[in-house]
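Okay, so here's the structure we're looking at.
Protein chains: 2
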Amino acid sequence: MELLKQRILKEGTVLSGQIIKVDAFLNHQIDVELLDAMGQEFYQRFKHLKVDRILTIEASGIALAISAARFFKVPVVFAKKAQINISHDQVYTSQVLSYTKKSEVTISISKAYLNAQENILIIDDFLAHGQAVLGLLDIIQQAQAHCVGIGIAIEKGFQVGGKHLREQGHLVESLAIIETIDDQTIQFRD
Amino acid sequence: MELLKQRILKEGTVLSGQIIKVDAFLNHQIDVELLDAMGQEFYQRFKHLKVDRILTIEASGIALAISAARFFKVPVVFAKKAQINISHDQVYTSQVLSYTKKSEVTISISKAYLNAQENILIIDDFLAHGQAVLGLLDIIQQAQAHCVGIGIAIEKGFQVGGKHLREQGHLVESLAIIETIDDQTIQFRD
Numbered sequence: 015m016e017l018l019k020q021r022i023l024k025e026g027t028v029l030s031g032q033i034i035k036v037d038a039f040l041n042h043q044i045d046v047e048l049l050d051a052m053g054q055e056f057y058q059r060f061k062h063l064k065v066d067r068i069l070t071i072e073a074s075g076i077a078l079a080i081s082a083a084r085f086f087k088v089p090v091v092f093a094k095k096a097q098i099n100i101s102h103d104q105v106y107t108s109q110v111l112s113y114t115k116k117s118e119v120t121i122s123i124s125k126a127y128l129n130a131q132e133n134i135l136i137i138d139d140f141l142a143h144g145q146a147v148l149g150l151l152d153i154i155q156q157a158q159a160h161c162v163g164i165g166i167a168i169e170k171g172f173q174v175g176g177k178h179l180r181e182q183g184h185l186v187e188s189l190a191i192i193e194t195i196d197d198q199t200i201q202f203r204d
Numbered sequence: 015m016e017l018l019k020q021r022i023l024k025e026g027t028v029l030s031g032q033i034i035k036v037d038a039f040l041n042h043q044i045d046v047e048l049l050d051a052m053g054q055e056f057y058q059r060f061k062h063l064k065v066d067r068i069l070t071i072e073a074s075g076i077a078l079a080i081s082a083a084r085f086f087k088v089p090v091v092f093a094k095k096a097q098i099n100i101s102h103d104q105v106y107t108s109q110v111l112s113y114t115k116k117s118e119v120t121i122s123i124s125k126a127y128l129n130a131q132e133n134i135l136i137i138d139d140f141l142a143h144g145q146a147v148l149g150l151l152d153i154i155q156q157a158q159a160h161c162v163g164i165g166i167a168i169e170k171g172f173q174v175g176g177k178h179l180r181e182q183g184h185l186v187e188s189l190a191i192i193e194t195i196d197d198q199t200i201q202f203r204d
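Just so you know, the sequences run in chain order A and B. Residue numbering for the first sequence follows our numbering, beginning at 15 and increasing consecutively. Residue numbering for the second sequence follows our numbering, beginning at 15 and increasing consecutively.
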């Protein structure tokens with residue numbers, strides 16, 4: 015998606031460890047016009063599928079998931095990272111390792127908001143090692159639902175997450191795939 | 015806002031300690047149609063003001079802030095609860111006490127996304143003791159910006175937050191104000 019790529023080049027910054035900061039428009043300050051264009055683009059790419067629900071993880075995934083859900087006219091459910099006010103037998107949980115923060119978090123989704131046989135679209139802001147998506151897939155499997163697609167804003171193509179998910183047969187659509195980061199120079203995959 | 019009140023009565027649940035759970039449509043699963051109606055209602059109530067930026071706190075505030083920002087055509091900035099990838103001299107921070115979780119968190123906003131003299135609208139999902147809003151007001155003051163209004167989805171009118179903020183001269187608009195909770199019965203303020 016050209017609009018997103020241009021914004022990454024213009025306003026993204028590269029930190030050590032090949033971390034890309036898009037705080038200026040995506041995950042601290044949010045440009046709502048760009049966000050809505052991204053939501054519409056996700057709709058274009060997945061509208062041929064039957065989608066019952068969109069799943070994401072707090073916090074940065076929420077805005078994107080909402081903007082896509084508006085087009086699909088389905089509810090969003092976001093996995094929570096903090097402990098939630100529900101007894102343990104009423105939630106699905108999974109462990110997610112964050113490479114950036116070098117820590118593991120437990121993500122939780124109430125069993126009330128994920129039903130067996132439903133078609134789930136996962137939306138998230140970043141795909142690198144794929145740990146967050148694997149956590150959501152684990153929960154979708156526990157619920158005996160189906161993941162019909164995975165929509166990502168920015169994929170780090172030089173890390174293994176996207177490759178592994180596609181090899182497992184998942185339909186992964188990323189709006190911008192970064193092929194390489196050399197020094198401060200970002201190259202996108204065509 | 016009648017639509018929201020009806021949903022609270024129909025799908026909200028009351029936990030011990032007068033905690034109201036609206037996980038079914040607002041802060042775990044999100045009904046995007048209701049969300050957009052709430053965003054539009056915030057616009058109706060604040061559109062007479064000059065708003066440069068909407069400020070909220072992750073995670074549940076994000077969806078509401080986005081839906082309001084679409085009408086105002088301004089960016090959203092959400093305060094982060096976890097440590098952020100920015101050196102300490104580049105962020106504003108404040109301490110927020112959560113009565114529900116009985117713990118204190120540090121909220122942070124990058125100095126890059128809050129400028130002196132700007133007019134800020136605060137949007138959040140709940141107002142009870144008002145700690146989260148006070149944390150945002152503290153940061154707005156540090157930035158030498160102005161808070162022109164505070165938009166809340168659900169205010170617990172029997173707790174002190176809204177009263178104190180209004181006494182301090184803030185314009186607080188809550189879409190639903192809960193006057194009392196007796197047993198499982200919710201009464202709204204007219």
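Ideal Cβ positions, reconstructed from N, Cα and C, are used throughout, including at glycine.
Residue i at chain A interface by Cβ criterion, 8 angstroms
i, result
"H5 (chain B)", "Any property of residue 5 (chain B) remains undetermined from this structure, which presents chain B solely from 15 to 204."
"Y57 (chain B)", "no"
"F92 (chain B)", "yes"
"D138 (chain B)", "no"
"I192 (chain B)", "no"
"A146 (chain B)", "no"
"S108 (chain B)", "no"
"D66 (chain B)", "no"
"D196 (chain B)", "no"
"Y127 (chain B)", "yes"
"D37 (chain B)", "yes"
Beta-carbon spacing of residue i, residue j below 8 angstroms
i, j, result
"I71 (chain A)", "A82 (chain A)", "no"
"A159 (chain B)", "L128 (chain B)", "yes"
"R203 (chain A)", "E193 (chain A)", "yes"
"L12 (chain B)", "N133 (chain B)", "What is shown of chain B runs 15 to 204, which leaves residue 12 (chain B) out entirely."
"G165 (chain B)", "I137 (chain B)", "yes"
"K125 (chain B)", "Q104 (chain B)", "yes"
"A38 (chain B)", "E47 (chain B)", "no"
"D44 (chain B)", "I123 (chain A)", "Per the sequence shown, the amino acid found at residue 44 (chain B) is Ile instead of Asp. Contact: no."
"I76 (chain B)", "I200 (chain B)", "no"
"L189 (chain A)", "M52 (chain A)", "yes"
"Q173 (chain B)", "V28 (chain B)", "no"
"V110 (chain A)", "Q145 (chain A)", "yes"
"H184 (chain B)", "K94 (chain A)", "no"
"I191 (chain A)", "E169 (chain A)", "yes"
"L135 (chain B)", "F60 (chain B)", "yes"
Pairwise C-alpha distance: residue j and residue i
i, j, result
"L148 (chain B)", "Y106 (chain B)", "14 angstroms"
"V65 (chain B)", "V186 (chain B)", "15 angstroms"
"L17 (chain B)", "D139 (chain B)", "15 angstroms"
"E118 (chain A)", "Q54 (chain A)", "32 angstroms"
"G163 (chain B)", "G176 (chain A)", "43 angstroms"
"I33 (chain A)", "Q58 (chain B)", "40 angstroms"
"M15 (chain A)", "V36 (chain A)", "16 angstroms"
"D152 (chain B)", "S101 (chain B)", "20 angstroms"
"H143 (chain B)", "G171 (chain B)", "10 angstroms"
"S30 (chain B)", "S74 (chain B)", "21 angstroms"
"A157 (chain A)", "A130 (chain A)", "5 angstroms"
"L141 (chain A)", "Q20 (chain B)", "39 angstroms"
"S112 (chain B)", "C161 (chain B)", "22 angstroms"
"Q182 (chain B)", "D50 (chain A)", "36 angstroms"
"K116 (chain A)", "A96 (chain B)", "13 angstroms"
Neighbour flag for residue i against chain B, beta carbons, 8 angstroms
i, result
"I80 (chain A)", "yes"
"S101 (chain A)", "no"
"S30 (chain A)", "no"
"V46 (chain A)", "yes"
"L185 (chain A)", "no"
"E72 (chain A)", "yes"
"S188 (chain A)", "no"
"R203 (chain A)", "no"
"L49 (chain A)", "yes"
"A77 (chain A)", "yes"
"R84 (chain A)", "yes"
Cross-strand partners of residue i (DSSP beta bridge)
i, result
"K177 (chain B)", "Looking at the DSSP assignment, K177 (chain B) forms no beta bridge with any residue, so it has no partner."
"L29 (chain B)", "B:I33"
"F80 (chain B)", "Here residue 80 (chain B) is Ile; the residue named in the question, Phe, does not match the sequence. In DSSP, I80 (chain B) forms no bridge with anything."
"K170 (chain A)", "A:I192"
"L48 (chain A)", "DSSP, once it has assigned bridges, lists no residue as partnering L48 (chain A)."
"R67 (chain A)", "A:I134"
"Q43 (chain B)", "A:V91"
"E187 (chain A)", "A:G165"
"I200 (chain B)", "B:I195"
Residue i: CB within 7 angstroms of a non-hydrogen atom of the ligand PLP
i, result
"R21 (chain B)", "Ligands in the displayed structure: none, and consequently the ligand PLP is not present."
Inset, instruction - Please specify which runs of the alpha helix (DSSP H), each continuous and at least 4 residues long, are wholly inside the segment 85-167 of chain B, giving them in chain order. - result: 145-156
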